[in-house]
(Lines of atoms letter the chains of each structure in order from A and count residues from 1; the text may use other names and numbers.)
(Lines give C-alpha, C1' and ligand atoms only; values in the text may rest on other atoms or scores of the structure.)
Protein backbone atom coordinates (compact mmCIF):
# COMPACT_ATOMS: atom_id res chain seq x y z
CA UNK A 1 0.00 0.00 0.00
CA UNK A 2 1.34 3.44 -0.95
CA UNK A 3 0.55 6.81 0.62
CA UNK A 4 -2.39 7.63 -1.68
CA UNK A 5 -3.93 4.18 -1.20
CA UNK A 6 -3.56 4.63 2.58
CA UNK A 7 -5.40 7.96 2.47
CA UNK A 8 -8.14 6.43 0.32
CA UNK A 9 -8.48 3.47 2.71
CA UNK A 10 -8.97 5.88 5.62
CA UNK A 11 -11.64 7.82 3.75
CA UNK A 12 -13.49 4.56 3.04
CA UNK A 13 -13.12 3.04 6.54
CA UNK A 14 -16.42 2.01 8.07
CA UNK A 15 -15.68 1.10 11.69
CA UNK A 16 -13.15 1.35 14.49
CA UNK A 17 -11.62 -2.07 13.83
CA UNK A 18 -10.67 -0.94 10.32
CA UNK A 19 -9.12 2.20 11.77
CA UNK A 20 -7.09 0.15 14.25
CA UNK A 21 -5.72 -1.95 11.38
CA UNK A 22 -4.95 1.16 9.33
CA UNK A 23 -3.07 2.69 12.27
CA UNK A 24 -0.68 -0.27 12.27
CA UNK A 25 -0.27 -0.04 8.49
CA UNK A 26 0.37 3.70 8.71
CA UNK A 27 3.06 3.28 11.34
CA UNK A 28 4.82 0.79 9.07
CA UNK A 29 4.54 3.04 6.01
CA UNK A 30 6.06 5.99 7.88
CA UNK A 31 9.26 4.07 8.50
CA UNK A 32 9.85 3.66 4.77
CA UNK A 33 8.74 7.00 3.34
CA UNK A 34 10.14 10.50 3.19
CA UNK A 35 9.04 14.01 2.26
CA UNK A 36 5.53 14.68 0.96
CA UNK A 37 4.58 10.98 0.89
CA UNK A 38 5.52 10.59 4.55
CA UNK A 39 3.69 13.82 5.39
CA UNK A 40 0.49 12.55 3.77
CA UNK A 41 0.65 9.31 5.74
CA UNK A 42 1.42 11.11 9.01
CA UNK A 43 -1.45 13.56 8.56
CA UNK A 44 -3.86 10.72 7.84
CA UNK A 45 -2.44 8.71 10.73
CA UNK A 46 -3.16 11.70 12.97
CA UNK A 47 -6.76 11.70 11.71
CA UNK A 48 -7.04 7.98 12.47
CA UNK A 49 -5.77 8.39 16.02
CA UNK A 50 -8.06 11.42 16.45
CA UNK A 51 -11.05 9.30 15.40
CA UNK A 52 -9.93 6.57 17.83
CA UNK A 53 -9.65 9.22 20.58
CA UNK A 54 -5.93 8.47 20.98
CA UNK A 55 -5.10 12.12 21.28
CA UNK A 56 -1.45 11.83 22.35
CA UNK A 57 -0.65 9.70 19.30
CA UNK A 58 -2.68 12.02 17.07
CA UNK A 59 -0.77 15.06 18.32
CA UNK A 60 2.58 13.39 17.67
CA UNK A 61 1.56 12.48 14.11
CA UNK A 62 0.24 15.96 13.37
CA UNK A 63 3.39 17.61 14.74
CA UNK A 64 5.65 15.32 12.70
CA UNK A 65 3.62 16.10 9.58
CA UNK A 66 3.75 19.82 10.37
CA UNK A 67 7.54 19.79 10.65
CA UNK A 68 7.83 18.01 7.29
CA UNK A 69 5.58 20.51 5.53
CA UNK A 70 7.24 23.54 7.10
CA UNK A 71 10.55 22.36 5.61
CA UNK A 72 8.98 21.57 2.24
CA UNK A 73 7.19 24.93 2.09
CA UNK A 74 10.45 26.80 2.65
CA UNK A 75 11.58 25.42 -0.71
CA UNK A 76 8.20 25.38 -2.47
CA UNK A 77 5.27 27.56 -1.33
CA UNK A 78 2.78 25.20 -2.93
CA UNK A 79 3.13 23.13 0.25
CA UNK A 80 1.77 25.97 2.44
CA UNK A 81 -1.81 24.60 2.36
CA UNK A 82 -0.47 21.42 3.98
CA UNK A 83 1.12 23.50 6.75
CA UNK A 84 -2.24 25.19 7.26
CA UNK A 85 -4.01 21.83 7.29
CA UNK A 86 -1.69 20.49 9.99
CA UNK A 87 -2.19 23.60 12.13
CA UNK A 88 -5.97 23.33 11.70
CA UNK A 89 -5.93 19.68 12.77
CA UNK A 90 -3.78 20.55 15.79
CA UNK A 91 -6.16 23.37 16.69
CA UNK A 92 -9.10 20.98 16.64
CA UNK A 93 -7.20 18.44 18.72
CA UNK A 94 -6.15 21.01 21.31
CA UNK A 95 -9.72 22.34 21.44
CA UNK A 96 -11.27 18.99 22.30
CA UNK A 97 -8.42 18.43 24.79
CA UNK A 98 -9.44 21.72 26.45
CA UNK A 99 -5.97 23.18 25.72
CA UNK A 100 -7.60 26.35 24.52
CA UNK A 101 -4.58 28.66 24.43
CA UNK A 102 -2.72 26.18 22.23
CA UNK A 103 -5.78 25.72 20.02
CA UNK A 104 -6.09 29.48 19.58
CA UNK A 105 -2.40 29.79 18.66
CA UNK A 106 -2.65 26.98 16.10
CA UNK A 107 -5.72 28.53 14.47
CA UNK A 108 -4.21 32.03 14.41
CA UNK A 109 -0.89 30.77 13.03
CA UNK A 110 -2.83 29.05 10.24
CA UNK A 111 -4.81 32.20 9.44
CA UNK A 112 -1.60 34.21 9.04
CA UNK A 113 -0.62 31.97 6.14
CA UNK A 114 -3.90 32.26 4.24
CA UNK A 115 -5.42 34.52 1.62
CA UNK A 116 -8.44 36.52 2.79
CA UNK A 117 -11.01 34.38 0.99
CA UNK A 118 -9.65 30.83 0.88
CA UNK A 119 -11.72 27.73 1.71
CA UNK A 120 -9.34 26.92 4.56
CA UNK A 121 -9.84 30.41 6.04
CA UNK A 122 -13.58 29.82 6.24
CA UNK A 123 -13.16 26.51 8.09
CA UNK A 124 -10.58 27.88 10.53
CA UNK A 125 -12.54 31.05 11.32
CA UNK A 126 -15.66 28.97 11.92
CA UNK A 127 -13.76 26.67 14.31
CA UNK A 128 -12.09 29.58 16.09
CA UNK A 129 -15.32 31.55 16.42
CA UNK A 130 -17.18 28.52 17.75
CA UNK A 131 -14.43 27.91 20.31
CA UNK A 132 -14.55 31.54 21.41
CA UNK A 133 -18.33 31.24 21.75
CA UNK A 134 -18.00 28.16 23.97
CA UNK A 135 -15.47 30.06 26.11
CA UNK A 136 -17.92 32.99 26.34
CA UNK A 137 -15.43 35.33 24.62
CA UNK A 138 -18.29 37.15 22.92
CA UNK A 139 -16.47 39.93 21.07
CA UNK A 140 -13.82 37.59 19.66
CA UNK A 141 -16.49 35.07 18.69
CA UNK A 142 -18.64 37.67 16.96
CA UNK A 143 -15.71 39.00 14.92
CA UNK A 144 -14.56 35.56 13.75
CA UNK A 145 -18.05 34.29 12.95
CA UNK A 146 -19.05 37.41 11.01
CA UNK A 147 -15.89 37.19 8.89
CA UNK A 148 -16.52 33.49 8.28
CA UNK A 149 -20.14 34.22 7.31
CA UNK A 150 -18.98 36.86 4.84
CA UNK A 151 -16.72 34.30 3.13
CA UNK A 152 -19.46 31.64 3.11
CA UNK A 153 -21.94 34.07 1.55
CA UNK A 154 -19.47 35.08 -1.16
CA UNK A 155 -18.88 31.43 -1.95
CA UNK A 156 -22.57 30.50 -1.86
CA UNK A 157 -21.93 27.88 0.82
CA UNK A 158 -25.51 27.61 2.10
CA UNK A 159 -24.88 25.06 4.82
CA UNK A 160 -21.97 27.04 6.26
CA UNK A 161 -24.06 30.23 6.16
CA UNK A 162 -26.83 28.57 8.15
CA UNK A 163 -24.55 27.11 10.80
CA UNK A 164 -22.61 30.36 11.19
CA UNK A 165 -25.86 32.30 11.65
CA UNK A 166 -26.86 29.72 14.27
CA UNK A 167 -23.56 30.04 16.14
CA UNK A 168 -23.65 33.83 15.99
CA UNK A 169 -27.20 33.73 17.37
CA UNK A 170 -25.95 31.72 20.36
CA UNK A 171 -23.32 34.41 21.02
CA UNK A 172 -26.01 37.12 20.93
CA UNK A 173 -28.33 35.02 23.09
CA UNK A 174 -25.68 34.67 25.80
CA UNK A 175 -25.00 38.39 25.60
CA UNK A 176 -28.65 39.24 26.25
CA UNK A 177 -29.29 40.31 22.63
CA UNK A 178 -32.33 38.07 22.38
CA UNK A 179 -34.19 39.89 19.64
CA UNK A 180 -31.15 39.74 17.35
CA UNK A 181 -30.59 36.09 18.31
CA UNK A 182 -34.16 35.12 17.40
CA UNK A 183 -33.90 36.93 14.07
CA UNK A 184 -30.63 35.16 13.19
CA UNK A 185 -32.03 31.77 14.18
CA UNK A 186 -35.02 32.22 11.90
CA UNK A 187 -32.68 33.26 9.09
CA UNK A 188 -30.50 30.21 9.77
CA UNK A 189 -33.51 27.89 9.70
CA UNK A 190 -34.74 29.34 6.42
CA UNK A 191 -31.31 28.88 4.84
CA UNK A 192 -30.82 25.34 6.14
CA UNK A 193 -34.28 24.16 5.09
CA UNK A 194 -32.99 24.66 1.54
CA UNK A 195 -30.11 22.29 2.26
CA UNK A 196 -32.34 19.75 3.97
CA UNK A 197 -29.68 18.47 6.38
CA UNK A 198 -31.46 17.16 9.48
CA UNK A 199 -28.65 17.65 12.02
CA UNK A 200 -28.02 21.27 11.05
CA UNK A 201 -31.73 22.01 11.16
CA UNK A 202 -32.01 20.28 14.55
CA UNK A 203 -29.23 22.45 16.00
CA UNK A 204 -31.13 25.60 15.01
CA UNK A 205 -34.50 24.28 16.19
CA UNK A 206 -33.00 23.45 19.58
CA UNK A 207 -31.77 27.02 19.98
CA UNK A 208 -35.18 28.35 18.90
CA UNK A 209 -37.08 26.45 21.62
CA UNK A 210 -37.14 29.32 24.19
CA UNK A 211 -38.73 31.65 21.64
CA UNK A 212 -41.70 29.42 20.70
CA UNK A 213 -45.29 29.48 21.92
CA UNK A 214 -46.96 26.27 23.12
CA UNK A 215 -48.33 25.25 19.74
CA UNK A 216 -45.06 25.85 17.93
CA UNK A 217 -43.11 24.18 20.74
CA UNK A 218 -45.12 20.96 20.47
CA UNK A 219 -44.63 20.83 16.69
CA UNK A 220 -40.88 21.51 16.91
CA UNK A 221 -40.31 18.98 19.72
CA UNK A 222 -42.06 16.30 17.66
CA UNK A 223 -39.85 17.15 14.72
CA UNK A 224 -36.69 17.06 16.83
CA UNK A 225 -37.61 13.65 18.21
CA UNK A 226 -37.85 12.33 14.65
CA UNK A 227 -34.16 13.11 14.03
CA UNK A 228 -31.15 10.93 14.88
CA UNK A 229 -29.49 13.53 17.12
CA UNK A 230 -25.88 13.78 18.33
CA UNK A 231 -25.36 13.45 22.05
CA UNK A 232 -24.67 17.15 22.74
CA UNK A 233 -27.98 18.18 21.15
CA UNK A 234 -29.82 15.49 23.12
CA UNK A 235 -28.30 16.94 26.30
CA UNK A 236 -29.46 20.46 25.46
CA UNK A 237 -32.99 19.32 24.67
CA UNK A 238 -33.16 17.32 27.92
CA UNK A 239 -31.97 20.41 29.81
CA UNK A 240 -34.63 22.54 28.14
CA UNK A 241 -37.29 20.00 29.17
CA UNK A 242 -35.94 20.04 32.75
CA UNK A 243 -36.05 23.83 32.98
CA UNK A 244 -39.54 23.92 31.52
CA UNK A 245 -40.82 21.24 33.91
CA UNK A 246 -39.26 23.09 36.85
CA UNK A 247 -40.89 26.38 35.83
CA UNK A 248 -44.27 24.61 35.68
CA UNK A 249 -43.85 23.01 39.11
CA UNK A 250 -43.61 19.52 37.57
CA UNK A 251 -41.13 16.74 38.33
CA UNK A 252 -37.90 17.77 36.60
CA UNK A 253 -35.44 15.27 38.14
CA UNK A 254 -35.70 12.72 35.32
CA UNK A 255 -34.94 15.36 32.70
CA UNK A 256 -32.07 16.83 34.74
CA UNK A 257 -30.59 13.35 35.15
CA UNK A 258 -30.82 12.69 31.42
CA UNK A 259 -29.23 16.07 30.69
CA UNK A 260 -26.45 15.39 33.22
CA UNK A 261 -25.56 11.98 31.77
CA UNK A 262 -25.71 13.09 28.14
CA UNK A 263 -23.83 16.28 28.93
CA UNK A 264 -21.08 14.39 30.73
CA UNK A 265 -20.68 11.90 27.88
CA UNK A 266 -20.45 14.76 25.35
CA UNK A 267 -17.81 16.43 27.54
CA UNK A 268 -15.85 13.21 27.93
CA UNK A 269 -16.02 12.29 24.24
CA UNK A 270 -15.64 15.68 22.56
CA UNK A 271 -14.05 17.99 25.12
CA UNK A 272 -16.77 20.63 25.33
CA UNK A 273 -19.59 21.28 27.73
CA UNK A 274 -22.97 21.25 26.00
CA UNK A 275 -24.73 21.65 29.36
CA UNK A 276 -23.43 22.09 32.90
CA UNK A 277 -23.77 18.44 33.91
CA UNK A 278 -22.60 19.00 37.50
CA UNK A 279 -25.34 21.61 37.98
CA UNK A 280 -27.84 19.10 36.56
CA UNK A 281 -26.66 16.44 39.01
CA UNK A 282 -27.02 18.95 41.86
CA UNK A 283 -30.61 19.58 40.77
CA UNK A 284 -31.36 15.85 41.07
CA UNK A 285 -29.56 15.65 44.41
CA UNK A 286 -31.68 18.54 45.75
CA UNK A 287 -34.87 16.70 44.78
CA UNK A 288 -36.67 13.87 46.55
CA UNK A 289 -36.49 11.73 43.40
CA UNK A 290 -35.57 8.06 43.49
CA UNK A 291 -32.69 9.10 41.21
CA UNK A 292 -31.11 11.14 43.99
CA UNK A 293 -28.73 8.38 45.16
CA UNK A 294 -27.63 7.68 41.57
CA UNK A 295 -26.86 11.38 41.08
CA UNK A 296 -24.79 11.53 44.30
CA UNK A 297 -22.66 8.54 43.27
CA UNK A 298 -22.20 9.77 39.68
CA UNK A 299 -21.12 13.20 40.90
CA UNK A 300 -18.54 11.67 43.24
CA UNK A 301 -17.21 9.39 40.48
CA UNK A 302 -16.76 12.35 38.13
CA UNK A 303 -15.13 14.48 40.84
CA UNK A 304 -12.66 11.76 41.82
CA UNK A 305 -11.72 10.18 38.50
CA UNK A 306 -12.10 13.08 36.06
CA UNK A 307 -11.40 16.16 38.20
CA UNK A 308 -8.83 14.52 40.48
CA UNK A 309 -10.53 15.24 43.82
CA UNK A 310 -8.78 13.17 46.48
CA UNK A 311 -11.21 13.92 49.31
CA UNK A 312 -14.22 12.20 47.74
CA UNK A 313 -15.32 8.87 49.20
CA UNK A 314 -17.57 6.74 47.01
CA UNK A 315 -20.09 4.22 48.32
CA UNK A 316 -19.84 1.26 45.95
CA UNK A 317 -22.81 -0.42 47.65
CA UNK A 318 -25.20 1.99 45.92
CA UNK A 319 -26.94 1.00 42.66
CA UNK A 320 -24.42 2.92 40.53
CA UNK A 321 -21.52 1.73 42.67
CA UNK A 322 -22.56 -1.90 42.20
CA UNK A 323 -22.82 -1.41 38.44
CA UNK A 324 -19.29 0.03 38.37
CA UNK A 325 -17.98 -2.98 40.30
CA UNK A 326 -19.81 -5.36 37.95
CA UNK A 327 -18.18 -3.91 34.84
CA UNK A 328 -14.74 -3.86 36.49
CA UNK A 329 -15.24 -7.53 37.43
CA UNK A 330 -15.97 -8.42 33.80
CA UNK A 331 -19.74 -8.67 34.11
CA UNK A 332 -22.29 -6.79 32.02
CA UNK A 333 -25.00 -4.33 33.03
CA UNK A 334 -28.23 -5.85 31.81
CA UNK A 335 -30.37 -2.73 32.16
CA UNK A 336 -30.45 -0.14 29.40
CA UNK A 337 -30.75 3.60 29.85
CA UNK A 338 -28.78 6.81 29.90
CA UNK A 339 -27.54 6.25 33.48
CA UNK A 340 -26.38 2.74 32.60
CA UNK A 341 -24.62 4.02 29.46
CA UNK A 342 -22.81 6.61 31.57
CA UNK A 343 -21.77 4.02 34.14
CA UNK A 344 -20.40 1.74 31.41
CA UNK A 345 -18.35 4.60 30.00
CA UNK A 346 -16.89 5.54 33.40
CA UNK A 347 -16.13 1.90 34.25
CA UNK A 348 -14.41 1.37 30.89
CA UNK A 349 -12.28 4.47 31.50
CA UNK A 350 -11.31 3.09 34.91
CA UNK A 351 -10.36 -0.23 33.34
CA UNK A 352 -8.18 1.46 30.71
CA UNK A 353 -6.51 3.55 33.39
CA UNK A 354 -5.89 0.46 35.55
CA UNK A 355 -7.94 1.86 38.43
CA UNK A 356 -9.42 -0.39 41.08
CA UNK A 357 -12.23 0.29 43.55
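In full-length UniProt numbering, the protein residues as written are 1 to 357. Yeah, the Cβ is synthetic: ideal placement off N, Cα and C, and Gly gets one too. Keep in mind the model is a prediction, meaning the values are calculated, not measured.
- Secondary structure within the stretch 232-302: the alpha helix (DSSP H) runs of 4 or more consecutive residues, fully enclosed, are 253-270 and 277-285 (chain order).
- Spanning the alpha carbons of residue 112 and residue 129 requires a straight line of approximately 16 angstroms.
- Residues of the same chain with a CB within less than 7 angstroms of the CB of residue 275, apart from the 5 flanking positions on each side, are 235, 236, 239, 259 and 263 in chain order.
- Taking the C-beta atoms as reference points, residue 266 is found nearer than 9 angstroms to residue 231.
- Three or more Cβ pairs closer than 8 angstroms define a contact, and the stretch 274-289 meets that threshold against the stretch 242-260.
- The C-beta distance from residue 7 to residue 40 rounds to 6 angstroms, short enough to meet the 8 angstroms contact threshold.
- Residues 240 of the same chain have their beta carbon placed closer than 8 angstroms to that of residue 210, with the five preceding and five following residues left out of the count.
- Residue 65 is positioned such that its CB atom lies closer than 9 angstroms to that of residue 82.
- By the neighbour-count definition (other C-beta atoms within 10 Å, threshold 16), residue 351 is an exposed residue.
- With contacts defined as CB atoms closer than 9 angstroms, residue 164 and residue 152 qualify as a contacting pair.
- A distance below 7 angstroms between beta-carbons, with the five flanking residues on each side excluded, links residue 48 to the following residues of its chain, in chain order: 10, 19, 22, 23 and 26.
- DSSP places residue 190 in the uninterrupted alpha helix (DSSP H) bounded by 178-195.
- A straight-line Cα-Cα distance of about 10 angstroms links residue 330 and residue 347.
- Taking 9 angstroms as the cut-off, the beta carbon of residue 107 is found closer than this to the beta carbon of residue 131.
- Of all C-beta pairs linking the stretch 218-229 to the stretch 199-206, three or more are shorter than 8 angstroms, placing the two stretches in contact.
- Relative to residue 338, the option among 191, 212 and 294 whose CA is nearest is 294.
- Taking 9 angstroms as the cut-off, the beta carbon of residue 46 is found no closer than this to the beta carbon of residue 69.
- Residue 103 carries a helical assignment under DSSP once its states are collapsed to helix, strand and coil.
- With respect to the C-alpha of residue 91, the residue from 114, 59, 176 and 277 having the closest C-alpha is 59.
- Considered as a whole, the stretch 2-26 harbours 3-12 as its complete alpha helix (DSSP H) runs of no fewer than 4 residues, in chain order.
- Residues of the same chain with their beta carbon placed closer than 7 angstroms to that of residue 77 are lacking, with the five preceding and five following residues left out of the count.
- Sixteen is the threshold: when 16 or more other Cβ atoms of the shown chains lie within 10 Å of the Cβ of residue 147, as they do, the residue is buried.
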